[in-house]
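One structure is given below, encoded as structure tokens.
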Amino acid sequence: MLLAELTWPDVAALDKDTPVVFPVAALEQHGRHAPLFTDSLLMGEIARRAEVSLGAAALFAPLQWLGNSHHHLDFPGTLSAEPRLYIDLLNGLLENFLAHGFRRLLILNGHGGNDVPGKQAVFEVRQRHRDRKDLLLLFATYWNLTDRAAQSHPDLQDVSLGHACEWETSMVLRLNPRLVRDHTNIPAQGRGNPFEPASRGWIMPDRSEHGHVGDPRHATAEKGEALFAAFSEGAVEMIRRMIAWDGKSWDG
């Protein structure tokens with residue numbers, strides 16, 4: 139179900155154990171070849187496919203396209219919410235639907251920079267409602283919900299999702315090839331090892347002069363369709379786990 143198409147009596151009549159999904163993404167630079175709206179385009183398509191698959195079993199809010207993208211601000215066109223403001227925004231989305239009586243809420247993320255604030259928001263909301271035993275509050279990034287993406291197409295060269303890489307560029311090509319510019323002539327940019335397993339503070343110019351990470355030269359629309367199928371299936375599987383939760387257990 140799409141929240142934007144319902145009336146308030148429709149929402150009031152829903153079973154309050156219906157999972158509510160808040161897709162979130164970003165508007166930020168994606169190298170010299172991919173559109174600023176890449177993350178939102180991809181997250182929007184994955185959410186669309188998941189909603190079609192699940193039908194009335196889950197409720198999908200509209201995509202929240204503004205994200206936490208400060209690490210990309212050296213590149214023109216990037217829009218970014220202040221980190222604390224973004225945490226509060228996500229807090230508010232969750233609190234709105236708790237106030238409406240819903241108990242199973244998922245922030246479904248499509249941008250790496252939203253990972254820390256998204257997890258913090260879920261943590262903070264849970265602490266405010268620590269007397270409740272019936273809440274399921276989740277944050278998940280779509281590319282972490284399946285281990286099948288790397289095997290979804292036999293000719294994938296990048297081994298995982300980067301930034302404006304083969305994977306993301308392929309998915310944009312699948313949606314709208316007009317938005318991709320001369321990707322076959324973009325140099326590969328390795329991921330390196332940024333002092334792992336430590337978590338390093340970074341901005342994109344630390345990693346990449348052109349603003350991408352990975353090798354977009356091998357991107358094709360066919361690979362993009364295979365990736366969309368894998369990622370959408372992973373999202374659906376997570377939401378089905380939410381539906382099957384018994385309302386009290388730690389495990390799910």
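Mind the numbering: the sequence shown is residues 139 to 390 in the working numbering, read in order. We put the CB at the ideal spot given by N, CA and C, even for glycine. Note that this is a predicted model, so its numbers are computed, not measured.
{"Item": "Pairwise C-alpha distance: Asp-212 and Trp-340", "Value": "12 Å"}
{"Item": "Uninterrupted beta strand (DSSP E) stretches inside the region 204–276 (no shorter than 3 residues)", "Value": "242–247"}
{"Item": "Selection from Gly-169, Asn-252, Val-310, Ala-196 that minimises the alpha carbon distance to Ala-364", "Value": "Val-310"}
{"Item": "As assigned by DSSP and simplified to three states, the class of Gln-289", "Value": "helix"}
{"Item": "Backbone CA spacing between Glu-233 and Gly-169 [nearest angstrom]", "Value": "36 Å"}
{"Item": "Segment limits, alpha helix (DSSP H) that includes Val-190", "Value": "176–192"}
{"Item": "Trp-281 to His-210 span [Cα, whole Å]", "Value": "20 Å"}
{"Item": "Range covered by the alpha helix (DSSP H) that runs through Phe-333", "Value": "That residue, Phe-333, is in no alpha helix (DSSP H); it is neither H nor E in DSSP."}
{"Item": "Rounded straight-line distance, which links the Cα of Ile-225 to that of Glu-334", "Value": "26 Å"}
{"Item": "Buried versus exposed call for Ile-381 [16 or more other C-beta atoms within 10 Å across all chains shown]", "Value": "exposed"}
{"Item": "Residue nearest to Asp-155 in terms of C-alpha spacing, selected from Ala-359, Leu-275, Pro-332", "Value": "Leu-275"}
{"Item": "Identified DSSP bridge partners for Ala-172", "Value": "His-168"}
{"Item": "Contacting residues, own chain, Cβ-Cβ under 6 Å from Pro-173 (five flanking each side not counted)", "Value": "Leu-317"}
{"Item": "Cβ-based neighbour list, Ala-357, same chain, cut-off 7 Å, excluding 5 preceding and 5 following", "Value": "Glu-304, Thr-307, Ser-308, Leu-311, His-321"}
{"Item": "Rounded separation between Leu-201 and Pro-325 - CA only", "Value": "32 Å"}
{"Item": "Residue span of the alpha helix (DSSP H) that contains Pro-315, given as start and end", "Value": "First-last for Pro-315: undefined, no H or E at that position."}
{"Item": "Local conformation of Val-297 per DSSP, three classes", "Value": "coil"}
{"Item": "Contact under 8 Å by Cβ, Phe-198 with Val-260", "Value": "no"}
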